[in-house]
Structure formats: C-alpha cells, structure tokens
Amino acid sequence: MSEEEKKPTKILVELTIPTKESVLDGIRKMFPTVDVKVIGEKEEETPPPS
Numbered sequence: 021m022s023e024e025e026k027k028p029t030k031i032l033v034e035l036t037i038p039t040k041e042s043v044l045d046g047i048r049k050m051f052p053t054v055d056v057k058v059i060g061e062k063e064e065e066t067p068p069p070s
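The opening position of the sequence shown corresponds to residue 21 in this note's numbering, with each subsequent residue numbered one higher.
Here's what the structure looks like:
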C-alpha cells in the first residue's frame, strides 16, 4: 500500500485558544496537508466555586 492509497485519519481535538482566526491560520500554515475545520465552538465556562 503506497502513501497515496492510505485513507486520511480524522482526529477530533478540543482546542482552547485565545483568538480563533490567527491560531487556525497558524496551524494551516505549519501543517499545509492538514485539513483544519471548526466543527463547533463553545465558550469556556468558568467552573462553579466548590
């Protein structure tokens, strides 16, 4: 099986980033073969004081 016949691996990661666009652009520039998609966003909830 050659490199080109391999099926790409889809990895779901959760990123906590300061500013979305610049970080995602940086990831795209560093890894041009990686397809970066934003599936969903959620505001970071502050945990309730215990």
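Idealized CB from N, CA, C, for every residue including glycine.
Are the CB atoms of residue i and residue j nearer to each other than 9 Å?
{"i": "E61", "j": "K27", "result": "no"}
{"i": "V43", "j": "L35", "result": "yes"}
Quick one: grab the DSSP three-state call for residue i.
{"i": "G46", "result": "helix"}
{"i": "K27", "result": "coil"}
{"i": "K62", "result": "coil"}
{"i": "K57", "result": "coil"}
{"i": "E41", "result": "helix"}
Residue i and residue j look like a contact to me (Cβ under 8 Å); what is the Cβ gap, rounded to whole Å?
{"i": "I47", "j": "V56", "result": "5 Å"}
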